[in-house]
Amino acid sequence: MRSVGMIAEFNPLHNGHVHALSLARQQAHADVVVVVMSGNYVQRGEPAIVDKWTRTDMALHAGADVVVELPVNFAVQAGQQFAEGGIDLLKGLRVDTIAFGTENPELDFNAIAAKRIAAEASGSGDFADYTQTYASQLAEFYAHEVGMKLTAPNTMLALAYAEANLRAGKPMQLLPIRRVGAQHDADGTDAVFSSGSALRKMLSAGTSIHGQTPDFAEQLLLNNAHFSWHEIWPLLAYRLQTATLPELRTIDQMSEGLEYRLVKAAQTAGNFDDFLRAVKSKRYTYARLRRLALATVLNMTQAEVTAARVRPIAHVLGFTTAGQEFLHSIKKTAGVPIITKVSHDMLAPTGPMYLTHRCDALYRSFTGRDQNFGRKPLMLHN
Numbered sequence: 002m003r004s005v006g007m008i009a010e011f012n013p014l015h016n017g018h019v020h021a022l023s024l025a026r027q028q029a030h031a032d033v034v035v036v037v038m039s040g041n042y043v044q045r046g047e048p049a050i051v052d053k054w055t056r057t058d059m060a061l062h063a064g065a066d067v068v069v070e071l072p073v074n075f076a077v078q079a080g081q082q083f084a085e086g087g088i089d090l091l092k093g094l095r096v097d098t099i100a101f102g103t104e105n106p107e108l109d110f111n112a113i114a115a116k117r118i119a120a121e122a123s124g125s126g127d128f129a130d131y132t133q134t135y136a137s138q139l140a141e142f143y144a145h146e147v148g149m150k151l152t153a154p155n156t157m158l159a160l161a162y163a164e165a166n167l168r169a170g171k172p173m174q175l176l177p178i179r180r181v182g183a184q185h186d187a188d189g190t191d192a193v194f195s196s197g198s199a200l201r202k203m204l205s206a207g208t209s210i211h212g213q214t215p216d217f218a219e220q221l222l223l224n225n226a227h228f229s230w231h232e233i234w235p236l237l238a239y240r241l242q243t244a245t246l247p248e249l250r251t252i253d254q255m256s257e258g259l260e261y262r263l264v265k266a267a268q269t270a271g272n273f274d275d276f277l278r279a280v281k282s283k284r285y286t287y288a289r290l291r292r293l294a295l296a297t298v299l300n301m302t303q304a305e306v307t308a309a310r311v312r313p314i315a316h317v318l319g320f321t322t323a324g325q326e327f328l329h330s331i332k333k334t335a336g337v338p339i340i341t342k343v344s345h346d347m348l349a350p351t352g353p354m355y356l357t358h359r360c361d362a363l364y365r366s367f368t369g370r371d372q373n374f375g376r377k378p379l380m381l382h383n
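If you count the sequence shown from 1, you need to add 1 to reach my numbering.
Written out as structure tokens, the structure is:
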């Protein structure tokens with residue numbers, strides 16, 4: 002069976018996602034679409050608006066055939082690590098092609114990725130300017146190499162996918178798809194294709210999202226509670242005011258004395274937005290600080306993240322009839338364990354899903370439902 006893969010978050014699913022899933026299948030001449038999707042926490046450093054099972058339901062109805070979880074140790078990371086986690090899972094699932102949305106589909110992504118890897122090997126791509134964010138320095142590198150400014154978020158992530166694919170031995174063909182509608186994380190709405198960020202703001206404000214997302218997704222969003230930093234800010238404030246500095250230094254992505262800034266800001270901030278503004282500097286983007294804050298409230302340590310990365314698994318959240326057939330066809334050749342039934346052993350401190358399950362405890366306290374044990378993949382007959 003010919004397969005095309007996508008790395009996504011569907012936070013929440015919108016019309017642009019449906020369009021991309023359809024084009025990916027069509028242009029790759031694929032029998033199945035395999036999606037690696039962030040679990041209950043997303044790359045911008047916050048809980049997903051609805052849980053991973055609800056978003057899987059949306060994805061299957063939107064055209065995905067297999068949905069596999071991108072675990073928290075990869076999902077809540079900068080673009081490069083996020084891409085590596087997704088690419089490694091798709092490679093392990095023997096996917097033929099990786100499709101991705103981009104504002105610049107005309108670029109030679111493989112060639113640009115090769116230049117980036119070569120620059121890193123020569124030491125010229127270390128980006129050690131502490132007066133700029135890493136993202137700014139990366140954009141400057143691409144501007145120098147390509148001769149044009151590449152700052153559009155989906156293009157930057159697409160380049161990360163290409164680089165990760167190249168580092169993994171180029172197991173998949175690249176299929177760039179032109180992004181339509183509002184930019185990723187743009188606040189404004191589009192007549193048909195609004196961004197996930199715009200939809201989240203509309204839902205938060207109680208504004209109708211009718212027409213901005215398929216009817217099935219709209220119903221799922223309206224019938225499920227929404228989770229955000231508003232709910233977990235008090236937990237972060239408490240954590241920062243009670244943890245010791247040595248404890249905070251063990252948190253993933255904590256560096257350069259940031260623990261002092263976080264503790265000081267938590268003492269005076271009245272809400273999460275105030276907290277972020279107090280911590281912000283030219284060196285760090287808001288996304289970087291949100292990810293650090295989330296790792297802190299989840300007590301996700303550097304040691305745990307490192308350990309989880311060396312034991313990858315493909316936790317299947319859902320599949321269609323065709324997707325189930327695909328998983329069966331690769332069962333003996335897959336390069337990663339395929340998990341459709343989560344046992345107690347997998348969730349134990351020595352198990353491969355321990356970190357994800359422990360972090361999901363926060364989401365479980367919000368939804369009232371266990372997020373892993375006893376949950377079977379969703380099945381959509383097609």
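Just so it is clear, CB atoms sit at the ideal spot from N, CA and C, and this is done for glycine as well.
Buried is the label assigned to Arg95, since at least 16 other Cβ atoms lie within 10 Å of its Cβ. Closest in C-alpha terms to Ile252, from the list Thr156, Leu293, Leu237, Tyr261, comes Leu293. Judged by DSSP secondary structure, Leu379 falls within the beta strand (DSSP E) whose first and last residues are 379-381.
Counting only the Cα atoms, Pro338 lies some 15 Å from Gln325. Leu167 is positioned such that its CB atom lies no closer than 8 Å to that of Val5. With contacts defined by Cβ atoms closer than 8 Å, Met2 and Phe327 form a contacting pair. Ser282 sits in a strand when the DSSP states are folded into three classes. Residue burial annotation: Pro13 is buried, with at least 16 other C-beta atoms found within 10 angstroms of its C-beta. Bridge pairing for Val35: Gly6, Val67 [DSSP].
Residues Leu249, Leu293 of the same chain have their beta carbon placed closer than 7 Å to that of Met255, with the five preceding and five following residues left out of the count.
In the three-state DSSP reduction, Ala100 falls in the strand class (E or B). Counting only runs of at least 3 residues, the region 142-230 fully encloses the following beta strand (DSSP E) elements, listed from N- to C-terminal order: 174-179.
DSSP places Glu232 within a helical segment (H, G or I) once states are collapsed to three.
Residues of the same chain with a CB within less than 6 Å of the CB of Arg179, apart from the 5 flanking positions on each side, are Pro106 in chain order. As for any alpha helix (DSSP H) of minimum length 4 sitting wholly inside the region 302-356, the runs are 303-310, 322-331, 345-348, ordered along the chain.
With respect to the C-alpha of Thr98, the residue from Val33, Glu141, Ala122, Ser123 having the closest C-alpha is Val33. If you draw a straight line from the Cα of Ala238 to the Cα of Tyr287, it comes to about 17 Å.
Glu121 sits in a helix when the DSSP states are folded into three classes. Nearest C-alpha to Val43 among Glu232, Asn74, Gly207, Leu381: Asn74.
According to DSSP, Ile88 shares a beta bridge with no other residue.
Contact between Asp58 and Leu379 is confirmed by a C-beta separation of about 6 Å, below the 8 Å threshold. For a cut-off of 8 Å, the C-beta gap from Pro215 to Ala63 is around 7 Å, short enough to register as a contact.
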